[in-house]
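Undergrad: First the structure, which I've put down as structure tokens, then a few questions once you've had a look.
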Amino acid sequence: MFAPGHLGELTQIVDFALVDAVLEETGTVERRLRLLPSRVVVYFVLALALFEHHSYRTVWSKLTAALTPLALVRPAGSSLTRARRRVGAAPLRRLFETLAGPVARPGQDGSFYRGLRTVAVDGTLLHTPTMRRSPGATPSGPGRGWSSAIPCCGC
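Be aware that the sequence shown starts at 783, since it is given in our numbering, and climbs by one per residue.
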């Protein structure tokens, strides 16, 4: 359960203080009271990355679902677009630079194997070359010839 004003689980990983510091550092804090403050726009853009195949308004609904009892104003897609443009890429770039890096510490069980850091890649598609007549290959359609059974590997 999150208190009013919290924007879901994103705030457990990327807390308000960090977002505010990044906005201050990049000079993108709003100068006046807005319906879409810069802090909220940063969380909205992070949510867009999580729900990449959804519209702006659908992502906004998902982001604020726990705040439904507060009867928040639901901004139009164009308002969200303008807010994104106003904040720009600099805060997100700085946030990435701050947070990106290995999570496991040296010596932590399972984080290294034979002196090398173990890595898990999630949600990445690795395109592999197709091979004619490879094991498990199937025709891709009438008159289209053969293609690999796994032309793209998902991690």
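Glycine included, C-beta positions come from ideal geometry on N, C-alpha and C.
Alpha carbon to alpha carbon, how far is residue 863 from residue 830?
TA: Here residue 863 corresponds to residue number 81 of the sequence shown, with the count starting at 1. Here residue 830 corresponds to residue number 48 of the sequence shown, with the count starting at 1. Each residue's alpha carbon lies about 12 Å from the other.
Undergrad: Does the region 794-810 come into contact with the region 836-848, if we say contact requires no fewer than three beta-carbon pairs (one atom in each stretch) closer than 8 Å?
TA: Output reads no: the region 836-848 does not touch the region 794-810.
Undergrad: On the premise that residue 792 lies in contact with residue 825, defined as a C-beta separation below 8 Å, what is that separation, rounded to the nearest angstrom?
TA: Counting from one through the sequence shown, the residue named residue 825 turns up at place 43. Counting from one through the sequence shown, the residue named residue 792 turns up at place 10. Rounded, the Cβ-Cβ distance is 5 Å, consistent with contact.
Undergrad: Which of helix, strand or coil does DSSP assign to residue 894?
TA: Here residue 894 corresponds to residue number 112 of the sequence shown, with the count starting at 1. In the structure shown, residue 894 sits in a strand (DSSP, three-state: E or B).
Undergrad: Could you give the residue range of the alpha helix (DSSP H) that holds residue 846?
TA: For the purposes of this step, residue 846 is taken as residue 64 along the sequence shown, with counting starting at 1. Note, residue 846: premise wrong, no alpha helix (DSSP H); not H, not E.
Undergrad: In this structure, what does DSSP give as the bridge partners for residue 899?
TA: Looking up residue 899 in the sequence shown gives position 117. Partner(s): 894.
Undergrad: With C-beta atoms as the reference, is residue 870 less than 9 Å away from residue 839?
TA: Locating residue 870 in the sequence shown gives position 88, counting from the first residue. Locating residue 839 in the sequence shown gives position 57, counting from the first residue. Going by C-beta atoms, residue 870 is not nearer than 9 Å to residue 839.
Undergrad: Drop a sphere of 10 angstroms on the beta-carbon of residue 815, count the other beta-carbons inside from all chains shown, and report buried for 16 or more, exposed for fewer.
TA: The residue you call residue 815 lines up with position 33 of the sequence shown. Exposed, because fewer than 16 other Cβ atoms sit within 10 Å of the Cβ of residue 815.
Undergrad: Going by C-alpha to C-alpha distance, which of 886, 881, 828 sits closest to residue 800?
TA: If you number the sequence shown from 1, residue 800 lands on position 18. The shortest Cα separation from residue 800 among 886, 881, 828 belongs to 881.
Undergrad: In three-state DSSP terms, what is residue 883?
TA: Indexing the sequence shown from 1 puts residue 883 at position 101. Residue 883: coil per DSSP, three-state reduction.
Undergrad: Around the C-beta of residue 820, are 16 or more other C-beta atoms found within 10 angstroms, so that it is buried, or is it exposed?
TA: To locate residue 820, count along the sequence shown from 1; it is residue 38. Buried, since its Cβ has 16 or more Cβ neighbours within 10 Å.
Undergrad: Measure the C-alpha to C-alpha separation of residue 892 and residue 901 and round it to an integer number of angstroms.
TA: Stepping through the sequence shown from its first residue, residue 892 is reached at position 110. Stepping through the sequence shown from its first residue, residue 901 is reached at position 119. Taking the straight line from one Cα to the other gives about 10 Å.
Undergrad: Here's the rule: buried if 16 or more other CB atoms are within 10 angstroms of the residue's CB, otherwise exposed. What is residue 885?
TA: Within the sequence shown, the letter at position 103 stands for residue 885. Per the 10 Å Cβ criterion, exposed.
Undergrad: Going by the CB atoms, is the gap between residue 817 and residue 857 shorter than 9 Å?
TA: In the sequence shown, the residue the question calls residue 857 occupies position 75. In the sequence shown, the residue the question calls residue 817 occupies position 35. Taking 9 Å as the Cβ cut-off, residue 857 and residue 817 qualify as a contacting pair.
Undergrad: Using the C-alpha atoms, what's the distance from residue 828 back to residue 865?
TA: Counting from one through the sequence shown, the residue named residue 865 turns up at place 83. Counting from one through the sequence shown, the residue named residue 828 turns up at place 46. Their backbone Cα atoms lie some 14 Å apart in a straight line.
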